[in-house]
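In our numbering, the protein residues as written are 241 to 524.
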């Protein structure tokens, strides 16, 4: 049986929630590290990299995520422009992604090297793991999405940092000679990438949905289309989205450390039900 795990974006809150869900599932006998393919986007790239490397996510990474702040503070004008445009989209197009990418390039952000060290460099995974791992980004100039893996001659730490590079907030990251930004600009999940292995089962853990981010409805529409691709490939797909209690715990700011603690607590509760229900058959 082939299995794929998809982990979506969601800031530090999403990292905390996904980590709590995955760790609690492991405590209840559901080991998502057995996936044949892991697809990670933004926050999911950090959690997914550790899972693909075989880490027990209940043990914290080598260094806590420390978000670098640019001189002069966040570029509020750029962030407002980007998120207003992003939240108003009804579908994702390369043109819209390129517009956001251009604003991201021009925004005032912290140094690229510090961002790489804070994200991909903090995980304790020095190179691409043996389990197939695909990390999503968006080309900041063309608006095209990209999915990076171990065969692409791109350092893992850079790929993680690029996948997490929220436009306007963090610096675009150079990959293979081109600047890339957060894969979440294209899709919160990129679950259709799982279809590449013709999986029997796909589990999607998606923090961003309606009610957790202004562009949640856009992410929901993208995920629905991606699920259809996986189902057409013959997969049974289980989608895990935050429910009402979890949305309340997330709060309005997905980069809030205080909300991350509450999200983790909610994730633990949610995972207990999943282990006895929708994911009970993951181990075959």
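Using N, Cα and C, we set each Cβ at its ideal position, and we do this for glycine too.
What is the DSSP secondary structure of residue i, reduced to helix, strand or coil?
i	result
residue 406	coil
residue 388	strand
residue 394	coil
residue 319	helix
residue 420	strand
residue 357	helix
residue 325	helix
residue 252	helix
residue 502	helix
residue 543	Residue 543 lies beyond the stretch modelled for the chain, which goes from 241 to 524, so this question has no answer here.
residue 242	coil
DSSP beta-bridge partners for residue i?
i	result
residue 280	247, 375
residue 445	247, 480
residue 453	450
residue 414	419
When you compare each of the options to residue i by their alpha carbons, which one comes out closest?
i	options	result
residue 284	333, 274, 245	245
residue 441	520, 313, 338, 300	520
residue 493	475, 444, 478, 452	452
residue 370	427, 403, 406, 289	289
residue 277	293, 337, 487	293
residue 300	261, 375, 364, 323	364
residue 375	362, 357, 394	394
residue 353	313, 326, 413, 303	413
residue 344	460, 406, 467, 329	406
Taking the alpha-carbon positions, what's the residue i to residue j distance?
i	j	result
residue 320	residue 408	9 Å
residue 421	residue 514	32 Å
residue 479	residue 268	19 Å
residue 335	residue 456	20 Å
residue 435	residue 254	24 Å
residue 305	residue 355	10 Å
residue 310	residue 342	18 Å
Here's a check: name, in chain order, each residue in its chain whose Cβ is nearer than 6 Å to the Cβ of residue i, leaving out the five neighbours to either side.
i	result
residue 257	447, 503, 507
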